[in-house]
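Quick notes on the structure that follows.
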Amino acid sequence: MTSTEVVRGEEWLRPKPAKDPVSTPYWEAAARGELLIQHCPSCGNRQWYPRAVCTACGESPEWEQASGRGTVHTFTIIRQNYAKPFRDLLPYVVAMIELEEGPMVMGNVTDIEADDVQIGMPVEVYMVEAEEGLGVPFWRPAKS
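So for the sequence shown, our numbering puts the first residue at 217; every next one is plus one.
Have a look at this one:
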């Protein structure tokens, strides 16, 4: 797997994700341009969001790099949000992305008009660095 684009040097105004012992590898990998998911060596289950145990069998999951490609499974367009900084981003799309590897992840779909997002649309990940060592995945239409 290769790394994806990381947008650096922009002021991050949104709330920052909280790093904890379970999720820290995920956020640090995103800052390097890598999308990680968890894989269970015992039962083969793949999962996201980061958890201390496999949701299928209770064993300890391991990290694996995902392709960074998926499809829009479902989405909503946020047209009203009066909280800073979100009111300056309107309208924006929050979607559930089904990864090629199976798990679904939630994120914003960008680089497209909100009304043009469609269920089944192929997307690819890119990262935005919120601070050093903390990247946040975003999604955009996949390049053909």
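Even glycine gets a Cβ: it sits at the ideal position worked out from N, Cα and C.
Identify the continuous beta strand (DSSP E) that holds GLU207 and give its terminal residues. There is no way to answer for residue 207, as the model of the chain reaches only from 217 to 360.
Which term fits ALA311, buried or exposed, when burial requires 16 or more other beta carbons within 10 angstroms of its beta carbon? Your numbering for residue 311 matches position 95 in the sequence shown. Buried is the call here.
One question on the structure: do VAL223 and TYR298 come within less than 9 Å of each other, judged by their Cβ atoms? As a first step, residue 223 must be located in the sequence shown, where it is residue number 7. As a first step, residue 298 must be located in the sequence shown, where it is residue number 82. Cβ distance not < 9 Å, so VAL223 and TYR298 don't count as in contact.
Rounded to whole angstroms, what's the CA-CA distance from ALA246 to PRO231? Just pull it up for me. By 1-based counting over the sequence shown, the position of residue 246 is 30. By 1-based counting over the sequence shown, the position of residue 231 is 15. Each residue's Cα considered, the two are about 16 Å apart.
So the candidates are TRP228, ARG248, GLY323, GLU314; which of them puts its Cα closest to the Cα of THR292? To locate residue 292, count along the sequence shown from 1; it is residue 76. Closest option to THR292, Cα to Cα, is GLY323.
Give the secondary structure of ALA311 by DSSP, where H, G and I count as helix, E and B as strand, and everything else as coil. Working through the sequence shown from its first residue, we reach residue 311 at position 95. Reduced to three states, the DSSP call for ALA311 is strand.
Count Cβ pairs between the region 313–322 and the region 279–288 that sit closer than 8 Å; are there 3 or more? yes
From this set, GLY260, PRO357, GLU340, GLN334, which residue's C-alpha is nearest GLU250's C-alpha? For the purposes of this step, residue 250 is taken as the residue at position 34 of the sequence shown. Nearest C-alpha to GLU250: GLU340.
Nearest to GLU329 by CA position, among TRP279, ALA272, LEU305, is which residue? In the sequence shown, counting from the first residue as 1, residue 329 sits at position 113. For the residues TRP279, ALA272, LEU305, the minimum Cα distance to GLU329 belongs to LEU305.
Please classify GLN296 as buried or exposed, where buried requires at least 16 other C-beta atoms within 10 Å of its C-beta. The residue labelled residue 296 in the question sits at position 80 within the sequence shown. Exposed, since its Cβ has fewer than 16 Cβ neighbours within 10 Å.
Can you give the Cα-Cα distance for GLU347 and THR240, rounded to whole angstroms? Translated into positions along the sequence shown, residue 347 becomes position 131. Translated into positions along the sequence shown, residue 240 becomes position 24. Rounded to the nearest angstrom, the two C-alpha atoms are 13 Å apart.
Could you tell me how far apart the beta carbons of LEU229 and PRO307 are, in whole angstroms, since I believe they sit closer than 8 Å? Sequence index remark: in the sequence shown, residue 229 carries index 13 (1-based). Sequence index remark: in the sequence shown, residue 307 carries index 91 (1-based). With a Cβ gap of about 17 Å, LEU229 and PRO307 do not count as contacting.
Give the DSSP bridge partners of VAL333, in chain order. As a position in the sequence shown, residue 333 is number 117, starting the count at 1. For VAL333, which the question treats as bridged, DSSP gives no partner whatsoever.
Can you give me the C-alpha to C-alpha distance between VAL252 and VAL333, rounded to a whole angstrom? As a first step, residue 252 must be located in the sequence shown, where it is residue number 36. As a first step, residue 333 must be located in the sequence shown, where it is residue number 117. The amino acid at residue 252 is misidentified as Val; the sequence shows Leu. LEU252 and VAL333: Cα-Cα distance of roughly 24 Å.
Am I right that ILE335 and THR290 are in contact with their C-beta atoms under 8 Å? What's the rounded C-beta distance? Walking along the sequence shown from the start, residue 335 turns up at place 119. Walking along the sequence shown from the start, residue 290 turns up at place 74. About 6 Å separates the two Cβ atoms, so the contact holds.
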